[in-house]
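Positions in the sequence shown are counted from 1; adding 5 to them yields the numbering used here.
Here's the structure, in structure tokens; my notes come after.
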Amino acid sequence: MTRFVRWTALAAAAALLVGGCSGGSSDDGKSDEGTNAATPSSSASDTEAAVALPSSLTSQKLDWAGCKGTADSPAPSSEWQCATLKVPLDWAKPEGTTIGLALIRAKSRGDKSERIGSLLFNFGGPGGSGVSMMPLYGATVSTLRERYDLVSWDPRGVSASEGVRCRSDKEIQSAESVDATPDTAAEEAAYFEDAATFGKGCEKAAGTLLAHVSTTDTARDMDLMRQVLGDTKMHYFGISYGTELGGVYAHLFPKNVGRLILDAVVDPSADTVGHAENQTRGFQRALDDYLKSTGQDPEQGTRKIADLLKELDANPLPTGSDRKLTQTLAVTGIVLPLYSKASWPTLTSALEAAEQGDGSELLTLADGYNERDTEGHYGTTTHSQRVISCLDDKQRPTAEETKKLLPTFEKLSPVFGAFLGWDTAGWCHDWPVAGQWDTPEVSAPGAPPVLVVGNTGDPATPYEGARKMADELGEGVGVVLTWKGEGHGAYGSGSDCVDSTVNAYLLKGTVPKDGKVCS
């Protein structure tokens, strides 16, 4: 359980539907974005964003070619091309060491005269691989390809872009025995020892990169990417954590903002504890909606699940393998299907099996969330997520501070509260580098309207964050679109109203009235 739940959880939830669980204003949209700016634009409102870059970076040519697959991820179809972009390791030393960022694109298939430019996607995390996710999301956004090249990338510290692996598969599986809600002094010591060990592993694996994977670093990478792609404006689609990244970009480069969509919005006004409280509310709200859909009283249904978790804390359940379903793994398994309403029946089946003494289905769900395959290999999204978020955030709650907060968390949710409460202390415990901010700065005076999309039933990024983001972007900049729906994210989730409004904004420049509601 982490403050920003990963895009991989949403992807895995969608996969459940296929495999099941076993054991305003407008313009015509045309632009001259084929020209290449020589240097990053500066803004009178934020001169910090202006960094003089060597021509070796601004004039680099991307060598687009067919994408290569890996043992874990086969190559996408030939319509997708991949390339590597050079960016400074340290943005304070732009002429120093560079690192490579892996990019992927599908070129616009519409009339060249109607092409607007590139549309960059970040699917969240932090730590999600855009190179892996973009082809999977391509069908959802196929309409946008009529006027845009669809582009995504692995941000620094992620997967093919200097991705960080802090632990071996064996070490990850061993850590599953650590109780994420310690009840005794011994469990608490093991919990924090595990957290410190993880940080040391990240430091050893990442080296100097560990201090250069912040959201601000990535926002600067995006602006260089914009230039090298030949766009005078940044057109961007950010989902989940990608909304925070988009807000930070808008703050640093307001004059470079084109059409920005922020969907499933992170509350930029919340600190570490605030984010954990928001997610506790969000997941409990989604659980309540799920329970109502099955004809259960939410309070009674929640208590029944909480009792199951309490029993698992003392007596893990057997599964179809030699692994057992622990309390921590069970909570992780419950979280996954809450990402999509279509996955709720899978949760029903898994909970019923657990009540009957079989933890196999909840374990399968937890493995999907944790990117564990049938051979026991784990993905590294969690590793990248942690090195990025712990460099971003200053706040480091102590064990004592967290214990004082636990009653509040548990009142918010008897199921998720303790896990997310303890996470505030354990996630960045004894981290090797200091955090950079209490909350991100996203104010963007002078930027054009940014469309902020909130879903009233979103578990991971609760709806209230959309209004907070719009307010902090500034008057006349943040425009809120509300969907009364379920699941993580609104676009492509079944609402013709949402999809048509977003498409009109991106393809025609039509800005809806602030506060528009899609039911």
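Positions of the beta carbon are idealized from the N, C-alpha and C atoms, including for glycine.
- Rounded to the nearest angstrom, the gap between the Cα atoms of LYS117 and TYR153 is 10 Å.
- By the neighbour-count criterion, in which a residue is buried when 16 or more other Cβ atoms sit within 10 angstroms of its Cβ, HIS240 is buried.
- Pairwise C-beta distances place the segment 90 to 104 in contact with the segment 216 to 230, as three or more of them are shorter than 8 Å.
- A straight-line Cα-Cα distance of about 6 Å links LYS260 and ALA452.
- LEU250 sits close to THR220, with the two beta carbons spaced by under 8 Å.
- Your pair THR277 and ASP398 checks out as a contact, with CB atoms roughly 5 Å apart and the cut at 8 Å.
- Under the Cβ criterion (8 Å, minimum of three pairs), the segment 419 to 432 counts as touching the segment 176 to 193.
- The residue from ASP501, CYS395 and TYR383 with its alpha-carbon nearest to that of LYS175 is TYR383.
- Of VAL156, ALA255 and ALA495, the smallest CA-CA separation from PRO273 is found for ALA255.
- If you look at GLU491, you'll find it isn't in any alpha helix (DSSP H); it sits in the beta strand (DSSP E) that goes 483 to 491.
- In the DSSP assignment, GLY243 falls within the beta strand (DSSP E) that extends over 239 to 244.
- Taking every protein chain shown into account, the CB of LYS346 has 16 or more other CB atoms within 10 angstroms, so this residue is buried.
- PHE203 and PRO131 have their alpha carbons spaced roughly 17 Å apart.
- Counting along the chain, no beta strand (DSSP E) covers GLY497, and no H or E run does either.
- When secondary structure is reduced to three states using DSSP, ILE177 falls in the helix class.
- Between the segment 398 to 410 and the segment 162 to 182 there are fewer than three inter-stretch CB-CB distances shorter than 8 Å, so the stretches are not counted as touching.
- A direct Cα-to-Cα measurement between THR285 and ALA107 gives close to 34 Å.
- Counting only runs that start and end inside the segment 382 to 423, there is no beta strand (DSSP E) element of at least 3 residues.
- Here GLN86 is bridged, per DSSP, to GLY71 and ARG110.
- With 16 or more other CB atoms across the displayed protein chains lying within 10 angstroms of its CB, ASN375 is buried.
- When secondary structure is reduced to three states using DSSP, TYR153 falls in the strand class.
- Rounded to whole angstroms, HIS217 and GLY101 show a C-alpha spacing of 13 Å.
- Annotated three-state conformation of ASP476 is helix, per DSSP.
- For VAL392, same chain residues with a beta-carbon under 7 Å away, outside a window of 5 residues either side, are GLY162, VAL169, CYS207, ALA211, LEU215 and VAL218 in chain order.
- For PHE203, the enclosing alpha helix (DSSP H) has its first and last residue at 190 to 211.
- Taking the Cα positions, ALA355 is about 8 Å away from LEU370.
- Per DSSP, CYS433 is not a residue of any beta strand (DSSP E), being assigned neither H nor E.
- Beta-bridge pairing by DSSP links VAL136 to no other residue.
- Assignment of LYS521 by DSSP, reduced to helix, strand and coil, places it in the strand class.
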